[in-house]
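Asker: Could you have a look at this structure, given as structure tokens, before my questions?
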Amino acid sequence: MSGRLCWGVCLLIALSVHAQVTGPAATRPESSGCQPLMPRSNADQEAAITGPGRYCVVQDFRQPQLSGGGHSGPRYGHALIVVDGGDVTIDLQQHTLHTAARSHGVYLAAAANRGQAERSGATFGASNRNVTVRNGVIDLRGTGTGVRLVDVWRSEDLFAAPAVPAYQKTRYVLENLTIRTDNVGIRLEGDGNIVRNCVIESDGDAAVVMAGANSQILNNTIVLGNPLVPTWTKASEGSDVIGLLSKTPAARTQARAAIVLHDGAGSVIQGNRIEVKGKSATRRSIYLGNNSKEVLIEKNTYVDGIDAAVTTAGSSSRARDNRTVPAVGD
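Here the sequence shown stands for residues -19 to -1, 1 to 311, numbered as in mature numbering (1 follows the signal peptide of the UniProt record, and there is no 0).
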């Protein structure tokens, strides 16, 4: 073989080997060891996680109003991603979960499935601990919650304590997410949960609701909007103009807060930017209820004035090194 021909063949072989070794790992190293997650059909735009492990979303979820979460019409209770148990990490990989219906974004349903899983001898579903969701956008229209990881708290009254005897160490982690919702952005229950480095914009009764001790809310941008017609009033009255006109004034005076903690002893709210649009006596930055003792509130930035945390039912807080900035346009 001539030297020129050998050089050409050897170069092709070398490039081929190099591509096999470095190509996929170099382009998507975050996907290594990750199970791909996508809608199970174009019609419903929903997916279910039925085993522990690391899952990587590989495409956007986009659910129109009359599909999936609504079928022939929006139906409350569906979710774009349902998690049936614990020890799960979901990496959205900068993709978007979007619904125009009333679906939740990410919903932990282990409690509903626990009895069946234990009877069948399955281990997944018997525990709902250690769930992480990161790196992406959750954009919901309607009454769904952005991320809802709870055990037995079924009440929609966010300012009432969950009726649970104790909280297990759940260790839920939400990080590097942008969550925009008409309803509640985040709802977590358990001991030791963390929300960090997220943007949460909510037009509901609260942006972040957490029940359980030792919660950490760190370095987030949290905005509680002020829609003319509150989300649940709009959902319940629909196109009934008389109902909307009669019920909206009272609904607008109900208690709302950017951050709500229940039984949150030892929790930390630190380094956040907190904005409550239309701040008033019933629209506050932080609400601490039901024995949320010694909650540390420090180094936060409040937009348009610092309002002291509302403390009820044996709750207390320590506030230090917080500051205020004017609202944009002031």
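Ideal Cβ positions, reconstructed from N, Cα and C, are used throughout, including at glycine.
Identify which residue in Gly125, Tyr148, Arg152, Arg161 has its Cα closest to the Cα of valine 118.
Answerer: Arg161
Asker: Can you list, in chain order, the residues of its chain with a C-beta nearer than 6 Å to that of methionine 19? Leave out the 5 residues immediately preceding and following it.
Answerer: Val39, Gln40, listed in sequence order.
Asker: Quick one: residues in its chain with C-beta nearer than 6 Å to the C-beta of residue 350, no 5 flanking neighbours on either side, listed in chain order?
Answerer: No statement about residue 350 is possible, as the shown extent of the chain runs from -19 to 311 and does not include it.
Asker: Three or more beta-carbon pairs under 8 Å between the region 256 to 276 and the region 150 to 157, yes or no?
Answerer: Segments in contact, no.
Asker: Here's the rule: buried if 16 or more other CB atoms are within 10 angstroms of the residue's CB, otherwise exposed. What is proline 143?
Answerer: buried
Asker: CB-CB under 7 Å to residue 322, same chain, minus the five flanking residues each way: which ones, in chain order?
Answerer: Outside the displayed range of the chain (-19 to 311) lies residue 322, so it cannot be described from this structure.
Asker: Could you spell out the range, first to last residue, of the beta strand (DSSP E) harbouring methionine 191?
Answerer: 187 to 192
Asker: Quick check: what's the CA-CA separation for valine 131 versus histidine 243?
Answerer: Between valine 131 and histidine 243, the C-alpha separation is close to 13 Å.
Asker: Where aspartate 186 and tyrosine 268 are concerned, what is the direct C-alpha to C-alpha distance, given to the nearest angstrom?
Answerer: 12 Å
Asker: By how many angstroms is the C-alpha of asparagine 111 removed from the C-alpha of glycine 252?
Answerer: 24 Å
Asker: Given this structure, state the Cα-to-Cα distance separating threonine 31 from arginine 304, to the nearest angstrom.
Answerer: Cα to Cα, threonine 31 sits roughly 45 Å from arginine 304.
Asker: Tell me the DSSP secondary structure of asparagine 116 in three-state form.
Answerer: Asparagine 116 falls in the strand class under three-state DSSP.
Asker: Where proline 17 and valine 176 are concerned, what is the direct C-alpha to C-alpha distance, given to the nearest angstrom?
Answerer: Linking proline 17 to valine 176 through their CA atoms gives a straight-line distance of about 24 Å.
Asker: To the nearest angstrom, report how far apart alanine 200 and arginine 21 are at their CA atoms.
Answerer: According to the sequence displayed, residue 200 carries asparagine and not alanine. Computed Cα separation, rounded: 34 Å.
Asker: Considering only C-alpha positions, which residue in the set Ile203, Ile240, Arg122, Tyr36 is nearest to serine 84?
Answerer: Arg122
Asker: What residue range does the beta strand (DSSP E) around isoleucine 240 cover?
Answerer: 237 to 243
Asker: Give the DSSP-derived three-state secondary structure of aspartate 72 in the structure shown.
Answerer: If DSSP states are grouped into helix, strand and coil, aspartate 72 belongs with the strands.
Asker: Report the three-state DSSP secondary structure of phenylalanine 140 (helix, strand or coil).
Answerer: coil
Asker: Determine the closest residue to serine 273 out of Lys280, Val291, Glu279, Arg264, with distance taken between C-alpha atoms.
Answerer: Val291
Asker: With distances taken from CA atoms, which of Ala188, Thr70, Ala90, Asn116 is nearest glycine 127?
Answerer: Comparing Cα-Cα distances from glycine 127 to each of Ala188, Thr70, Ala90, Asn116, the minimum goes to Ala188.
Asker: Output needed for arginine 254: all residues of its chain with C-beta closer than 6 Å, excluding positions within five of it in sequence on either side, in chain order.
Answerer: Thr202, Thr282
Asker: Does asparagine 109 pass the burial test, meaning 16 or more other C-beta atoms within 10 Å, or should it be called exposed?
Answerer: buried
Asker: Provide the residue span of the beta strand (DSSP E) that contains tyrosine 88, from first to last.
Answerer: 85 to 89
Asker: Give the straight-line distance between the Cα atoms of alanine 236 and arginine 264, rounded to the nearest whole angstrom.
Answerer: Distance between the alpha carbons of alanine 236 and arginine 264 is about 6 Å.
Asker: What are the boundary residues of the beta strand (DSSP E) that tyrosine 148 is part of?
Answerer: DSSP places tyrosine 148 in no beta strand (DSSP E); its state is neither H nor E.
Asker: Taking the CB atoms as reference points, tell me whether glycine 206 and aspartate 184 lie closer together than 7 Å.
Answerer: In contact: glycine 206 and aspartate 184 (Cβ atoms closer than 7 Å).
Asker: Go through its chain and collect everything with a Cβ distance to arginine 43's Cβ below 7 Å, but skip five positions before and after it.
Answerer: Gln26, His79
Asker: Quick one: residues in its chain with C-beta nearer than 8 Å to the C-beta of alanine 28, no 5 flanking neighbours on either side, listed in chain order?
Answerer: Leu18, Met19, Pro20, Arg21, Phe42, Leu61, Ile62, Val63
Asker: Whose C-alpha, out of Met191, Gly86, Ala147, Leu277, is nearest the C-alpha of aspartate 302?
Answerer: Leu277
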